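Trainee: I'd like to ask some things about the structure below.
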Amino acid sequence: MQIDQYDVIVVGGGPAGLQAALTLGRMHHQVLLLDSGSYRNDPTGHLHNFVTRDGTPPSEFRALAHRDLDEYATVERRSTTVASVEPAGDNAAGDGFTVTLADGSQALGRRVVLATGLRDTLPELPGLEELWGDVVAHCPFCHGHEFAGGHVALLGAGPHVSRLALMVSRIADRVTVLTDGGDLDAPTLSLLSGAGVAVRDDRVSGLAPSETGATVSFAAGPDEEAAGVFVSTTLTQSAPFAEQLGLAMLPSGGIEVDVMGRTSLPGVYAAGDLAHVAELPMAFASVLTAASAGLVAGAACVADLLAIDHPVPVPA
Ligand SMILES: Cc1cc2nc3c(=O)[nH]c(=O)nc-3n(C[C@H](O)[C@H](O)[C@H](O)COP(=O)(O)OP(=O)(O)OC[C@H]3O[C@@H](n4cnc5c(N)ncnc54)[C@H](O)[C@@H]3O)c2cc1C
Numbered sequence: 008m009q010i011d012q013y014d015v016i017v018v019g020g021g022p023a024g025l026q027a028a029l030t031l032g033r034m035h036h037q038v039l040l041l042d043s044g045s046y047r048n049d050p051t052g053h054l055h056n057f058v059t060r061d062g063t064p065p066s067e068f069r070a071l072a073h074r075d076l077d078e079y080a081t082v083e084r085r086s087t088t089v090a091s092v093e094p095a096g097d098n099a100a101g102d103g104f105t106v107t108l109a110d111g112s113q114a115l116g117r118r119v120v121l122a123t124g125l126r127d128t129l130p131e132l133p134g135l136e137e138l139w140g141d142v143v144a145h146c147p148f149c150h151g152h153e154f155a156g157g158h159v160a161l162l163g164a165g166p167h168v169s170r171l172a173l174m175v176s177r178i179a180d181r182v183t184v185l186t187d188g189g190d191l192d193a194p195t196l197s198l199l200s201g202a203g204v205a206v207r208d209d210r211v212s213g214l215a216p217s218e219t220g221a222t223v224s225f226a227a228g229p230d231e232e233a234a235g236v237f238v239s240t241t242l243t244q245s246a247p248f249a250e251q252l253g254l255a256m257l258p259s260g261g262i263e264v265d266v267m268g269r270t271s272l273p274g275v276y277a278a279g280d281l282a283h284v285a286e287l288p289m290a291f292a293s294v295l296t297a298a299s300a301g302l303v304a305g306a307a308c309v310a311d312l313l314a315i316d317h318p319v320p321v322p323a
């Protein structure tokens, strides 16, 4: 069977993979970009905090990126799911990686950029999922300003929630931490009260859409209206490739990379939400940083292939 060969196969067509493909296409490398069509920011109507793209629908962002990529003859895009990524031989010699698609067909990449992202699991609470993405949010940089002047509720009792409450109190008119039966220690309570943040510790029973945003219901006691509700989500890798390739992982569940996006396996790069350097506690997850990581990983692949194709010392 004839197997198509590429300089670099990019798995994932979110901002990280799109930018990696653009960087490689501009250097006239043969690139295959594989995208299963499921993106972390699918639940939201508009992305924020990306200069020139603030408020753009994510689908529009991707359409613009596809238009950019289609200008480069060496970039091929396919809408498909990847089943596996395996070393094809001796990576040090540039034998590369076999990428098997869901339909069983294969492609060979001398280098691979993993850009498959993370997925969020929400706390279990009736009505939460329906509001997730715009009224219910997890990141004040992405969705915070939109709640300006309103009442914002934050669900949970961990240290992260108190920190978030203090950040949001700059933006919202009124902020309430809903501990849902959890306890906050005395110093935290005093810090929050000093910043004008209210604390409600009774059990939350559910959320429903309302004219202002959400109605939060409690097991006992009156409902609260909120313009926005912040929650913490549990993050997991969207795809099994880090595990398949035995890549070094970090305590956050992210793939360990160096500043150039290199993973622990030579020839495999990772960019975007799924990876970060060990110095950070977790990925700095945003569209712009994912795109930036894609650019770096793409450029690192260019340097890597240059060193293989020209083994004599190339002047720096
Ligand atoms: C609700 C919500 C709102 C957000 N809002 C903002 C915002 O306003 N501003 C902001 O900067 N950030 C926002 N973010 C964060 C942002 O979405 C992520 O940081 C960004 O999408 C990460 O990009 P990525 O390319 O790493 O991954 P993703 O965008 O998740 O892309 C992953 C890609 O991998 C593909 N893929 C996965 N598995 C496979 C497979 N097996 N085969 C082939 N392809 C595969 C997917 O189809 C997709 O193309 C938000 C996140 C959430 C959850």
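Just so it is clear: in the sequence shown, position 203 is 210 by the working numbering, and no numbers are missing.
Quick reminder that beta carbons are idealized off the backbone N, C-alpha and C, glycines included.
Since we're looking at a predicted model, the values are computed, not measured.
Assuming SER43 contacts THR87 under a Cβ cut-off of 8 Å, what Cβ separation, rounded to an integer in Å, is found between them?
Mentor: Going by Cβ atoms, the distance from SER43 to THR87 rounds to 7 Å, so yes, they are a contact pair.
Trainee: For LEU71, count the other beta carbons within 10 Å of its own beta carbon; 16 or more makes it buried, fewer makes it exposed. Which is it?
Mentor: exposed
Trainee: Under 8 Å: do the segment 225-245 and the segment 150-159 share three or more Cβ pairs, one atom per stretch?
Mentor: yes
Trainee: Compare the C-alpha of THR123 against each of ASP49, ALA23 and SER299 and name the closest.
Mentor: The residue from ASP49, ALA23 and SER299 with its alpha-carbon nearest to that of THR123 is ALA23.
Trainee: Helix, strand or coil for MET256? Go by DSSP, reduced to three states.
Mentor: Correct three-state label for MET256: strand.
Trainee: On a Cα-Cα basis, can you pick out the residue from SER259, ARG269, THR270 and ALA297 that is closest to LEU287?
Mentor: Per the C-alpha coordinates, the member of SER259, ARG269, THR270 and ALA297 positioned closest to LEU287 is SER259.
Trainee: Under 8 Å, with one C-beta from each stretch per pair, do the segment 49-64 and the segment 28-37 reach the 3-pair mark?
Mentor: Taking 8 Å as the limit for Cβ pairs, the verdict is that the segment 28-37 does not touch the segment 49-64.
Trainee: Going along the chain, which residues of its own chain have a beta-carbon closer than 6 Å to the beta-carbon of ASP61, five neighbours each way excluded?
Mentor: HIS55
Trainee: Report, in whole angstroms, the separation of the C-beta atoms of ALA109 and ILE10, which I expect to be a contact under 8 Å.
Mentor: That belief does not hold up - the Cβ atoms of ALA109 and ILE10 are roughly 16 Å apart, past 8 Å.
Trainee: Suppose only complete runs of 4+ residues qualify. What are the alpha helix (DSSP H) ranges in the segment 266-316, listed by chain order?
Mentor: 294-316
Trainee: Let me know if ASP180 comes out buried or exposed under the rule of 16 or more other beta-carbons within 10 Å of its beta-carbon.
Mentor: exposed
Trainee: Determine the burial state of LEU41: buried for a count of at least 16 other Cβ atoms within 10 Å of its Cβ, exposed for fewer.
Mentor: Counting Cβ neighbours within 10 Å, LEU41 comes out buried, since at least 16 surround it.
Trainee: What residues in its chain sit with their C-beta under 7 Å from that of PRO94, if we drop five residues either side in the sequence?
Mentor: PHE104
Trainee: Would you mind working out which of GLY134, GLY305 and VAL319 sits nearest ALA215, comparing C-alpha positions?
Mentor: That would be GLY134, whose Cα lies nearest to the Cα of ALA215.
Trainee: Please confirm whether any heavy atom of ligand 1 lies closer than 7 Å to the CB of CYS146.
Mentor: Yes, Cβ of CYS146 sits closer than 7 Å to a heavy atom of ligand 1.
Trainee: Between ALA27 and ALA246, is the Cβ-Cβ spacing less than 8 Å?
Mentor: no
Trainee: Ends of the alpha helix (DSSP H) at VAL106?
Mentor: Run containing VAL106: none in the alpha helix (DSSP H); it sits in the beta strand (DSSP E), 104-108.
Trainee: Report yes if the C-beta of HIS55 is less than 7 Å from at least one heavy atom of ligand 1; otherwise report no.
Mentor: At least one heavy atom of ligand 1 is nearer than 7 Å to the Cβ of HIS55, so yes.
Trainee: Runs of 3 residues minimum, wholly inside the segment 166-244: which ones carry the beta strand (DSSP E) assignment?
Mentor: 181-185, 205-207, 211-216, 221-225, 231-233, 235-237 and 241-244
Trainee: Compute the minimum distance between the beta carbon of VAL18 and the heavy atoms of ligand 1, and state whether it is under 7 Å.
Mentor: yes
Trainee: In three-state terms, what does DSSP make of ALA144?
Mentor: strand
Trainee: Hey, quick one: how far does the beta strand (DSSP E) through ALA80 stretch, first residue to last?
Mentor: Unbroken run through ALA80: none, as it is neither H nor E.
Trainee: Specify, as a first and last residue, the run of the beta strand (DSSP E) that THR128 falls within.
Mentor: Counting along the chain, the beta strand (DSSP E) containing THR128 begins and ends at 125-128.
Trainee: Give a yes or no on whether the C-beta atoms belonging to VAL211 and LEU185 are separated by under 8 Å.
Mentor: yes
Trainee: Note down, one range per segment and in chain order, each alpha helix (DSSP H) of at least 4 residues found wholly within the segment 17-58.
Mentor: 22-33
Trainee: Residues in the same chain with beta-carbon distance under 6 Å from VAL294, minus the five sequence neighbours each way, listed in chain order, please.
Mentor: PRO22, LEU54 and PHE57
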